[in-house]
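Each protein sequence line maps, in turn, to chains A and B.
Start counting the first sequence at -14; every next residue gets the next number (our numbering).
Start counting the second sequence at -14; every next residue gets the next number (our numbering).
These notes are about the structure you will find just below.
There are 2 protein chains.
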Amino acid sequence: MDGPDVELPENIALAWGLRDRPSRGPKRSLSLDQVVAAGIQIAQAEGLAAVSMSRVASELGVATMSLYRYVPTKHDLLDLMVDTAFGPPPPPRGADEGWRPALARWGEGNVAALRRQPWMRHVPISGPPINPNQVRWLEYGLAALRGTGLRASERIAAIMLVSGYARSWATLTADIAEGAARTGQTPEQVGLRYWRYLATVTAPGPYPAIHELLAEGDEYDDDTDLEWRFGLGRILDGVAAMIETRAAGTVRDAESRDA
Amino acid sequence: MDGPDVELPENIALAWGLRDRPSRGPKRSLSLDQVVAAGIQIAQAEGLAAVSMSRVASELGVATMSLYRYVPTKHDLLDLMVDTAFGPPPPPRGADEGWRPALARWGEGNVAALRRQPWMRHVPISGPPINPNQVRWLEYGLAALRGTGLRASERIAAIMLVSGYARSWATLTADIAEGAARTGQTPEQVGLRYWRYLATVTAPGPYPAIHELLAEGDEYDDDTDLEWRFGLGRILDGVAAMIETRAAGTVRDAESRDA
DNA sequence: GCTTATCTGCGTAGACCATACGCAGAAGCT
DNA sequence: AGCTTCTGCGTATGGTCTACGCAGATAAGC
Chain A
-14 MDGPDVELPE NIALAWGLRD RPSRGPKRSL SLDQVVAAGI QIAQAEGLAA
36 VSMSRVASEL GVATMSLYRY VPTKHDLLDL MVDTAFGPPP PPRGADEGWR
86 PALARWGEGN VAALRRQPWM RHVPISGPPI NPNQVRWLEY GLAALRGTGL
136 RASERIAAIM LVSGYARSWA TLTADIAEGA ARTGQTPEQV GLRYWRYLAT
186 VTAPGPYPAI HELLAEGDEY DDDTDLEWRF GLGRILDGVA AMIETRAAGT
236 VRDAESRDA
Chain B
-14 MDGPDVELPE NIALAWGLRD RPSRGPKRSL SLDQVVAAGI QIAQAEGLAA
36 VSMSRVASEL GVATMSLYRY VPTKHDLLDL MVDTAFGPPP PPRGADEGWR
86 PALARWGEGN VAALRRQPWM RHVPISGPPI NPNQVRWLEY GLAALRGTGL
136 RASERIAAIM LVSGYARSWA TLTADIAEGA ARTGQTPEQV GLRYWRYLAT
186 VTAPGPYPAI HELLAEGDEY DDDTDLEWRF GLGRILDGVA AMIETRAAGT
236 VRDAESRDA
């Protein structure tokens, strides 16, 4: 572990509030938080596409170019918006709580956040988590897996597994919900229409597995939360199996049979 | 299963080549495939941001607005680009092959496709898979899980699990690789820099799990393929556990303990 | 063979967008 | 008081997508 004094890029310093504000010039009329909050409000109300620099500026009653005194680039603003909109993670693993419920709660928190603010799914991921709330989420996710015997890289992979699945799940359901809102239908109707389209395009060709699926799926329960939980349960089962294997005796090449 | 004759939206009909081309006017000087191929070529060579309608048009030697005779919207073009760039899925499950190697191959195919054409990760997902290659991938994914006793919604969730993880994994590694290329460093250097940034920002605060991670991770093996395979193995283990449970005797509410 | 309906490529134009640059004036330091 | 530094922001550049409509090409109908 070498010295932690690394020169941080503008991005990160900004997000963590580590910018030494100058004392010489006139006072700023805004704060970074206000700018970010205005962006979030617009995104929440009218979608991410409505978030333009001029729109944010006019919302705050300033000129467009003034925003660039607070944010180096529009993309940095979007990253900050995502970080604060995600908010803090759910409660961390309790003192005598198992890793499984803690990680499940963490995963549920992920979808909940994305569902609260669906526009976030359209902000392209810019890299590994480095902004304050993202790092807090990372901390709690890793904390859930402490003392399980999993190696560092394995703990990270497990975290990514859960958050990646949460993201793709939230994205799918949000896309459907949005499509429904746009055409004035219920999400169920949109889902049903999808299955009908799929049936139509696969009708002429050889798609046995899809046809089996369509035939079987007459009872479109589509309690989407239940489906999400199924997938989460499978991930956790897999992690559990790994933990048990590790506990039994450090088996090195357990993963070599997957190729 | 009701009548498969549903009026398809423009989008889908176009992707499947189901539009009856007219016989009255002059002949088209281009084909949709040419347009899509030009888009892919630009994206591959200069990134998705370089793909503008005028850029694609000039690549083909036509005027910008001519493209709109082939594609209703830029976003539809992007969707078509992704569909053909993804290409066909890897070989389906063999006659006497187990579900596990088949699904593993399917997952590997996902990351391989995204690695071959990293720009694809920036095209926002527009909804459930409906374009030709996407549907083929769906078919093969489901085929891998035929006869496992999993219900329809469970098979879909398992597929999403794998593809979602593949996508987030490919995205992370591609982001790192791209950042490396931009600054003329190796991916290892970029990864290391990230850990240093993380150490710096977490230094003052209480982030025990992250610090534990950083202390432990001195041996930055970072054979990223190995990490990916670990996660995939965990998913497959989880699915395997589910299949065994189902086979043992139809246990209805096995997932209720995950909440 | 002529008329007519229809489709093609595409020029023009409108309504946006992010942001580089530089300037007037405010605030503090010396 | 004078100098430095920072702020807000007006202007301008070089993009973006795409609506609209027109000239000319093509083939069907008579």
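For each residue, glycine too, the CB sits at the ideal point set by N, CA and C.
Next item on the list: Run the CB neighbour count on P74/B, radius 10 Å, all protein chains shown included, and call it buried at 16 or more, exposed below.
Entry: buried
Margin query: Let's see if you can read the secondary structure: which residues bound the alpha helix (DSSP H) around T230/A?
Written below: Where T230/A is concerned, the enclosing alpha helix (DSSP H) stretches over T209 to A233.
Note to self: Please list, in chain order, the residues of the region 137 to 160 of chain A that have any C-beta partner in chain B closer than 8 Å.
What the structure shows: A137, S138, E139, R140, I141, A142, A143, M145, L146, S148, G149, Y150, R152, S153, W154, T156, L157 and D160
Item checked: Chain-ordered neighbours of I115/A on chain B, where CB pairs are closer than 8 Å -> Y179, Y182, L183 and V186
Item checked: Straight-line Cα distance separating I195/B from W180/B -> C-alpha separation (whole angstroms): 10 Å.
Checklist line | Own chain residues within Cβ distance below 7 Å of G72/B, not counting five before or after | finding: Within the same chain, G72/B has close Cβ partners A98 and N118.
Notebook entry, point to check: What is the residue span of the alpha helix (DSSP H) that G134/A lies within?
Noted result: Per DSSP, G134/A belongs to no alpha helix (DSSP H) and is neither H nor E.
Check: Beta-carbon separation of N116/B and D61/B under 8 Å?
Finding: no
Notebook entry, point to check: Is any beta-carbon of chain B found at less than 8 Å from that of I228/A?
Noted result: Not closer than 8 Å to any Cβ of chain B, the Cβ of I228/A fails to qualify, so no.
Note to self: Extract the residue ranges of the alpha helix (DSSP H) inside the region 13 to 39 of chain A, only unbroken runs of 4 or more that lie entirely within it.
What the structure shows: 17 to 31
Note to self: Please confirm whether H60/A has its beta-carbon closer than 8 Å to some beta-carbon of chain B.
What the structure shows: Chain B, which has no Cβ nearer than 8 Å to the Cβ of H60/A, makes this no.
Notebook entry, point to check: What is the DSSP secondary structure of V67/B, counted as helix, strand or coil?
Noted result: helix
Note to self: Count Cβ pairs between the region 49 to 56 of chain A and the region 87 to 101 of chain A that sit closer than 8 Å; are there 3 or more?
What the structure shows: Taking a cut-off of 8 Å on C-beta distances, the region 49 to 56 of chain A does not touch the region 87 to 101 of chain A, as fewer than three cross pairs fall below it.
Note to self: Taking 8 Å as the threshold (C-beta atoms), are L127/A and L198/B in contact?
What the structure shows: yes
Margin query: Taking the alpha-carbon of A200/B as reference, which of L157/A, Q19/A, D68/A and S138/A has the nearest alpha-carbon?
Written below: S138/A
Margin query: Using a Cβ-Cβ cutoff of less than 7 Å, which residues in the same chain neighbour E240/A once the five nearest sequence positions on both sides are dropped?
Written below: Any reading at E240/A must be qualified, since the residue scores a pLDDT of 48, below 50, and its modelled position is unreliable; no value is offered.
Check: When the Cα atoms are used, what is the spatial distance from R78/A to Y192/B?
Finding: 13 Å
Margin query: At the level of alpha carbons, what is the spacing between A87/B and A22/B?
Written below: 30 Å
Check: If we ignore side chains and look at the alpha-carbon of each, how far apart do P189/B and L3/A end up?
Finding: 12 Å
Notebook entry, point to check: Helix, strand or coil: how does DSSP classify Y245/B here?
Noted result: Outside the shown range of chain B, which is -14 to 244, sits residue 245/B, and nothing can be said about it.
Next item on the list: Counting only the same chain and skipping the five closest in sequence on each side, list residues whose C-beta sits under 7 Å from that of R178/A.
Entry: none
Notebook entry, point to check: Which first and last residues belong to the alpha helix (DSSP H) in which P115/A is found?
Noted result: For the record, residue 115/A in the displayed sequence is Ile; it is not Pro. Counting along the chain, I115/A falls outside any alpha helix (DSSP H), and DSSP gives it neither H nor E.
Next item on the list: Flag M68/A as yes if its beta-carbon sits less than 8 Å from any beta-carbon of chain B, otherwise no.
Entry: In the sequence as displayed, the identity of residue 68/A is Asp instead of Met. It does not: the Cβ of D68/A has no partner Cβ on chain B nearer than 8 Å.
Note to self: What would DSSP say about T156/B, mapped onto helix, strand or coil?
What the structure shows: helix
Note to self: Output needed for I(-3)/B: all residues of its chain with C-beta closer than 6 Å, excluding positions within five of it in sequence on either side, in chain order.
What the structure shows: Answer for I(-3)/B: I115, listed in chain order.
Check: From the beta carbon of R131/A, is the nearest beta carbon of chain B less than 8 Å away?
Finding: At least one beta carbon of chain B lies nearer than 8 Å to the beta carbon of R131/A.
Next item on the list: For the region 90 to 108 of chain B, enumerate the residues whose C-beta is nearer than 7 Å to any C-beta of chain A, in chain order.
Entry: H107
Next item on the list: For the alpha helix (DSSP H) holding G182/A, just list the boundary residues, first then last.
Entry: Checking the displayed sequence, the identity of residue 182/A turns out to be Tyr instead of Gly. Residues P172 to T187.
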